[in-house]
Every structure is written in C-alpha cells, then in structure tokens.
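Presented below is the structure to which this report refers.
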Amino acid sequence: KEFEKFHSEDMIERVLPDSVIVGDYEDAGAGEAAPQFTVGDEDETPKASSTGNSTAASTEGESEVTIDMMLNAMDFKAVAEKKVSPEGWAYLYSAAGDEFSYAENEDAFARIAMVPRVLVDVSKVDCSTVVLGRHFDVPFYMTAVAMAKLYNPDGEKCAARGVSKMKRAGIDMPYMVPTLASCGLRDIMSACDPSLAKWYQLYVNPSEKVVESMIPRIVDYGFAALFITVDAPELGMRER
688 KEFEKFHSED
698 MIERVLPDSV
708 IVGDYEDAGA
718 GEAAPQFTVG
728 DEDETPKASS
738 TGNSTAASTE
748 GESEVTIDMM
758 LNAMDFKAVA
768 EKKVSPEGWA
778 YLYSAAGDEF
788 SYAENEDAFA
798 RIAMVPRVLV
808 DVSKVDCSTV
818 VLGRHFDVPF
828 YMTAVAMAKL
838 YNPDGEKCAA
848 RGVSKMKRAG
858 IDMPYMVPTL
868 ASCGLRDIMS
878 ACDPSLAKWY
888 QLYVNPSEKV
898 VESMIPRIVD
908 YGFAALFITV
918 DAPELGMRER
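Counting with the numbering used here, you get residues 688 to 927 for the letters of the sequence shown.
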C-alpha cells in the first residue's frame, strides 16, 4: 500500500529485470477498506489519511486557504509547509548537506531586480516568448517534480490537468513530466490536453537498456523535447 501511494504501477516492470522476480504477491486484504491513520504524534496537526482525498488537512479552527488568497510565491510556500505531510515537505524542500548552496541560490534569485520604466504605454503587455521553435504565452513552464503523490493523491495527473486548464483558458505553457513520477506515463498523458506542449525530464539510468527502452515510449507519446539531468551523478545527502 505504501509503495502504491508514491510510485506508478509500471515502475517495477520498467526498472527491475525479470531475473529478480521471485513470485506474485496476493493481497490478503483485497476488497477490504484500508485502515485510516495519520503520520506523526497525536498532538501534531492532523494529516491526510492514506486513503483520503487530499493531502491538505486544515488545522482545527483555521479557515481553509483558497488559491485566490495567494499573493506571491512565499504565500504558497508558507501554506504548503502547513498542509503537506512532514515526509512530503522534507522531500520537496530539502537540499544537500547543510543546504548552503540552496540558500545561496535563493539569495541570488532574490537579487534579480526589475528595472522600472515610466512614461511607457503598458495598456497591452506581451509576456510571450519562443522556446524550441514554439510560441508560448508566458516565459516559464510547469517543471518536473518527482513523487507528486506526496503532495496530492492524483500525483502528476493533477499538474497535467492544471496546465491543460490554463491552455484551454488561452495561456499556453509547456509541462515537463518527471522520470520519477508517481503516476504511470499513460495516466499522465490521458490527463493532458492533446495540444499541450509536453517535455520529458530524464535521469540516465545506469543500465543503458533501461534508457533505450524509455526513449521510444517518450517519442510515441508525442513529447516535443527531452531534457537530460546532468548535475546529479549521485544521490545528494539530504539531512532532512
């Protein structure tokens, strides 16, 4: 049950060779309701149960936060830290070691200032750009975030639906699917608008055969670009 919460159904078939298969697993409790449980101590803020509909559990006495209340990126961060499970937040927000590099990156980004211009007609502002030969309405994209079921039961399907909804509303932006997705590629693609620009983020597996088997699937699903992660030769030591 814990494996299925965070990994796609076809992950074992894609990653492990047939030589390691020892047999079939039969769930003795199939058809029975799964027990409800919370993560952490009893005096902590309640978290979503393993079979709940949302990872966003409200603290007693707090009003539910809605998307239209978010004014900037820091608002999303503050709410997410309260709503996401401790495990999910540690995975999402952690960085290697003492996180000095992460802090430096955040400070460097904060130092990028917008240059004000005056006496300029801003009644019509065009934020569009061209990436890899395709026109997009905004100069950013929905990036690949692994293990999305840690934050939402629908995993990457939720992100795909969100970007597709923006597409239908007239805001075209790309969506990058992660290698370490919680949902199967077929399920993610079924949640995408057919005309959505799809990119794929690839971790190069030590086995060349695994990579070779993935490329045709990526092509068949109509991904416009393949982005290879090159700065993670080893897993980082994430102390969180």
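Where a beta carbon is used, it is the ideal one built from N, C-alpha and C, also for glycine.
As the structure is a prediction and not an experimental result, all values here were calculated from the model.
Inter-residue spacing [alpha-carbon to alpha-carbon] between residue i and residue j
i, j, result
"Y789", "A782", "6 Å"
"A912", "S706", "33 Å"
"R927", "K885", "32 Å"
"E791", "V802", "22 Å"
"I905", "L889", "10 Å"
"L837", "V805", "45 Å"
"P733", "F763", "In this prediction, P733 has a pLDDT of 37, which is less than 50 and means its spatial position is unreliable; nothing more can be read from the coordinates."
"P704", "K852", "38 Å"
"F914", "V709", "35 Å"
"T916", "P893", "13 Å"
"E895", "P920", "15 Å"
"D755", "G857", "19 Å"
"G849", "T753", "15 Å"
Assigned secondary structure, residue i (DSSP; H/G/I helix, E/B strand, else coil)
i, result
"F787", "helix"
"T738", "In this predicted model, T738 has a pLDDT of only 37, less than 50, meaning its place in the structure is not dependable; the value taken from the coordinates is given anyway. Looking at T738 - three-state DSSP - the assignment turns out to be coil, as it is neither helix nor strand."
"R927", "coil"
"P840", "coil"
"E869", "Per the sequence shown, the amino acid found at residue 869 is Ser instead of Glu. Of the three classes helix, strand and coil, the one that applies to S869 here is coil, per DSSP."
"S851", "helix"
"G710", "coil"
"A846", "helix"
"D880", "coil"
"M834", "coil"
"A797", "helix"
"N792", "helix"
"M756", "helix"
"D655", "Residue 655 falls outside the range modelled here, since the chain spans only 688 to 927, and no answer is possible."
Which residues DSSP lists as bridging residue i, in chain order
i, result
"W886", "M863, A912"
"M829", "Y862"
"R821", "V818"
C-beta contact flag for residue i and residue j at 7 Å
i, j, result
"P861", "A833", "no"
"M876", "Y828", "no"
"E843", "A868", "yes"
"A951", "M863", "This structure does not reach residue 951, given that the chain is present from 688 up to 927, and the question cannot be answered."
"K854", "D880", "yes"
"G923", "S695", "no"
"D785", "F823", "no"
Residue i beta carbon near the ligand GTP (any heavy atom closer than 6 Å)
i, result
"K854", "Absent from the structure shown: the ligand GTP. Ligands present: none."
Continuous alpha helix (DSSP H) stretch holding residue i: start and end
i, result
"E774", "773-780"
"I902", "895-907"
"I699", "698-702"
"V766", "760-770"
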